[in-house]
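>
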Amino acid sequence: MDGFDSESLYEQDRLHVWHPLTQHQDYSHNHPLIITHGLESTVYDINGQSYLDAAAGLWCVNVGYGRQQLIDAALRQMQQLAYYPLTQSHPAAIELATRLASYIPSTPHIYFSNSGSEANETAFKMVRQYWQQQGFPHKTKIISRFRGYHGSTLGALSATGQPERKRNYGPMAPDFMQVSAPYCYRCPFHMQYPSCQIQCAEDFERRIQIEGADTVAAIIVEPIIAGGGVLIPPPGYFSRLAHIAKDYNVKLIVDEVVTGFGRTGSLFGHELYNIKPDIVTMAKGLASGYMPIGATAVSDEIFHTFLGATDSGRHLRQVNTFGGHPVACAAAIANLNIIEEDQLVKQAQSKGEYLKQLLVDQLQNVPWVGDIRVQGLLAGIEIVTEPETKTPASDAFMRLLGRHLIKQGILAGKATDVETWHNNILIIAPPLVIHGDELEQIVTGVAHTIRQVGQAPPI
Ligand code: PLP
5 MDGFDSESLY EQDRLHVWHP LTQHQDYSHN HPLIITHGLE STVYDINGQS YLDAAAGLWC
65 VNVGYGRQQL IDAALRQMQQ LAYYPLTQSH PAAIELATRL ASYIPSTPHI YFSNSGSEAN
125 ETAFKMVRQY WQQQGFPHKT KIISRFRGYH GSTLGALSAT GQPERKRNYG PMAPDFMQVS
185 APYCYRCPFH MQYPSCQIQC AEDFERRIQI EGADTVAAII VEPIIAGGGV LIPPPGYFSR
245 LAHIAKDYNV KLIVDEVVTG FGRTGSLFGH ELYNIKPDIV TMAKGLASGY MPIGATAVSD
305 EIFHTFLGAT DSGRHLRQVN TFGGHPVACA AAIANLNIIE EDQLVKQAQS KGEYLKQLLV
365 DQLQNVPWVG DIRVQGLLAG IEIVTEPETK TPASDAFMRL LGRHLIKQGI LAGKATDVET
425 WHNNILIIAP PLVIHGDELE QIVTGVAHTI RQVGQAPPI
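Count along the sequence shown from 1, then add 4; that gives the number in my numbering.
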């Protein structure tokens with residue numbers, strides 16, 4: 005690509021850009037790619053090298069890169085009204101909220117923010133205030149799951165069940181706690197489905213009983229634990245969870261930050277399980293990453309407890325300067341139009357089936373592949389040193405795998421194994437517009453690379 009002095013960009017990046025999840029001391033042999041542009045499922049770096057983005061950025065560019073319709077909508081909105089806060093209102097927020105309410109009629113009240121973390125923080129505050137206003141001041145605890153990820157801010161991090169993300173950042177916020185994840189490949193109870201009778205769901209009931217239901221405000225769950233390793237719950241898990249929440253008068257918050265907007269082959273992940281959450285949080289795919297936006301969608305029942313006399317203090321006493329930013333809302337509306345017009349939810353379902361078939365065909369006999377989990381266009385491949393022991397592949401193994409994949413022009417994601425701190429799960433979550441031959445290229449590249457690294461693993 006013309007016009008870039010790559011050496012000086014690397015140097016300035018090294019000096020001034022503090023990257024997430026990155027050991028900067030490794031920079032000389034492991035600098036980041038500097039990406040300049042993208043089209044559909046492909047991104048390009050400063051050296052003109054192309055990469056298939058099998059991770060859709062951070063699992064968010066659902067409609068693919070370079071969608072002119074979306075870009076035009078954002079530009080038009082910026083020309084018309086560049087900014088206005090939602091302490092008043094504007095047409096783009098009204099249209100987007102109405103649209104989201106039509107998708108999930110049981111949670112028709114939409115609070116806008118800028119990210120998944122903020123959407124979850126907002127949900128926690130809402131349920132706590134809700135219970136206070138209902139006369140249950142001790143119902144403050146939020147129960148989530150090990151391996152679940154709910155964000156980087158302190159409340160959302162406290163709800164996160166990945167100890168390595170929390171380390172050094174304590175103390176965490178009080179009244180957050182985790183129970184076991186639905187992780188059949190490494191069952192925390194050393195049992196097998198279905199004879200386990202879904203102990204991981206029962207764990208919620210046990211925890212609520214131990215804590216006392218009068219102290220528990222809400223449960224928060226991802227429909228599929230994404231960053232924690234693409235953990236797909238077994239049949240019956242979510243209906244049991246919904247029952248437990250109802251029986252103990254605990255609100256159910258579903259975190260759709262990754263699973264929303266077609267990723268799993270349904271518009272929202274929770275639709276796979278036929279449950280009705282009290283609150284749904286969303287971000288990433290809402291504007292496909294073209295603009296930052298998060299949303300917290302809330303039931304009538306919760307919303308109505310916030311109504312009262314002007315000075316009663318019952319209103320939500322929170323503001324986000326950029327929440328519901330007009331340009332982000334306009335981008336989100338155009339994004340949803342594309343998802344509908346291109347039937348991307350249906351596409352994610354059929355392409356997901358194809359991806360699953362490719363992964364099973366090409367990977368199931370590879371000795372370093374312990375488990376393959378796929379739902380829609382969200383796939384996790386668990387890399388182990390040998391299938392019998394299920395010993396997770398080392399960080400060095402996974403780093404080398406990532407580097408070899410990049411050399412082949414493939415960008416994939418990685419998830420985290422909590423118990424070992426190893427990032428031994430490779431994640432494939434491409435834009436929903438990905439083509440069949442591109443999926444083939446990704447899977448062939450992944451199979452080849454796992455063999456290559458497995459045969460000469462790093463010491
Ligand atoms: N919830 C889930 C399930 C996520 O995967 C993430 C981010 O990856 C978040 C919340 C936090 O979103 P953000 O990074 O936009 O704050």
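Note that beta-carbon positions come from the ideal geometry of N, C-alpha and C, so glycine has one too.
Taking buried to mean at least 16 other C-beta atoms within 10 Å of its own C-beta, is Val-21 buried or exposed?
It counts as exposed.
> Mind reading off the beta-carbon distance from Ile-337 to Phe-265? Whole number of angstroms is fine, and I expect it under 8 Å.
Actually they do not touch by this definition, with Cβ atoms about 13 Å apart.
> Quick check on the DSSP output: the alpha helix (DSSP H) that includes Lys-145 runs from which residue to which?
Premise fails: Lys-145 lies in the beta strand (DSSP E), 145-149, not in any alpha helix (DSSP H).
> Quick check on DSSP: helix, strand or coil for Ser-270?
Correct three-state label for Ser-270: coil.
> When every heavy atom of the ligand PLP is checked, does at least one fall within less than 7 Å of the C-beta of Val-261?
Because some heavy atom of the ligand PLP lies under 7 Å away, the Cβ of Val-261 counts as near it: yes.
> Please classify Asp-421: is it buried, with 16 or more other beta-carbons within 10 angstroms of its beta-carbon, or exposed?
Caution applies to Asp-421, whose pLDDT of 48 falls short of 50 and renders its modelled position unreliable; the model cannot decide the point.
> Secondary structure at Asp-57, three-state DSSP: helix, strand or coil?
Looking at Asp-57 - three-state DSSP - the assignment turns out to be strand.
> Measuring only the C-alpha atoms, how far is Met-5 from Ile-50?
Low local confidence applies: a pLDDT of 45 at Met-5 is under 50, so the model's placement there is unreliable, and no value is given.
> From which residue to which residue does the beta strand (DSSP E) around Phe-208 run?
Not the beta strand (DSSP E): Phe-208 falls in the alpha helix (DSSP H), residues 203-215.
> Is Lys-255 helix, strand or coil when you go by DSSP?
Three-state DSSP puts Lys-255 in a strand.
> Taking just the CA atoms, how far does Pro-371 sit from Leu-443?
Near 22 Å, if we compare the C-alpha coordinates of Pro-371 and Leu-443.
> Please list the segments of the beta strand (DSSP E) lying wholly inside the stretch 144-186, counting only runs of 3 or more residues, in order along the chain.
Taking only runs of at least 3 residues, the beta strand (DSSP E) segments lying wholly in the stretch 144-186 are 145-149 and 180-183.
> Where does Asp-365 sit, in a helix, a strand or coil, going by DSSP?
The answer is helix: DSSP assigns Asp-365 an H, G or I state.
> How big is the Cα-Cα spacing for Ile-146 and Gly-233?
Computed Cα separation, rounded: 22 Å.
> Taking 7 Å as the cut-off, is the CB of His-154 close to at least one heavy atom of the ligand PLP?
Checking the Cβ of His-154 against the ligand PLP gives yes.
> According to DSSP, is Pro-141 part of a helix, a strand, or is it coil?
Of the three classes helix, strand and coil, the one that applies to Pro-141 here is coil, per DSSP.
> Where in the stretch 342-419 do unbroken runs of the beta strand (DSSP E), each at least 3 residues long, occur, reported from the N-terminal end onward?
Runs found: 373-379, 382-387 and 417-419.
> My assumption, with CB atoms under 8 Å, is that Thr-46 sits in contact with Asp-57. Please give the rounded CB distance.
Their Cβ separation, rounded to whole angstroms, is 7 Å, which keeps Thr-46 and Asp-57 in contact under 8 Å.
> Can you tell me which of the three DSSP states Leu-37 falls into?
Of the three classes helix, strand and coil, the one that applies to Leu-37 here is coil, per DSSP.
> How would you label Ile-463, buried or exposed, when you count the other beta carbons within 10 angstroms and need 16 or more for buried?
The residue in question, Ile-463, is exposed, as its Cβ has fewer than 16 Cβ neighbours within 10 Å.
> Can you find a heavy atom of the ligand ADP that lies under 7 Å from the Cβ of Gly-232?
The ligand ADP is absent from the structure shown, which contains only the ligand PLP.
> Could you tell me the boundaries of the alpha helix (DSSP H) in which Phe-265 lies?
No alpha helix (DSSP H) contains Phe-265, which DSSP labels as neither H nor E.
> Identify every residue that forms a DSSP beta bridge with Glu-44.
Paired residues: Tyr-69.
> In this structure, does DSSP put Phe-116 in helix, strand or coil?
Of the three classes helix, strand and coil, the one that applies to Phe-116 here is strand, per DSSP.
> For a test of your reading of the model: does the CB of Ala-101 fall under 7 Å from any non-hydrogen atom of the ligand PLP? Yes or no.
The answer is no for Ala-101.
> Considering only C-alpha positions, which residue in the set Thr-285, Ser-354 and Ile-223 is nearest to Arg-244?
Among Thr-285, Ser-354 and Ile-223, the Cα nearest to that of Arg-244 belongs to Ile-223.
> In chain order, what residues of the same chain lie with their CB nearer than 8 Å to the CB of Ala-59, ignoring the 5 residues before and after it?
If we look at Ala-59 and ignore the five residues flanking it on each side, its Cβ neighbours are Leu-415, Ala-416, Gly-417, Ile-431, Ile-432, Ala-433 and Pro-434.
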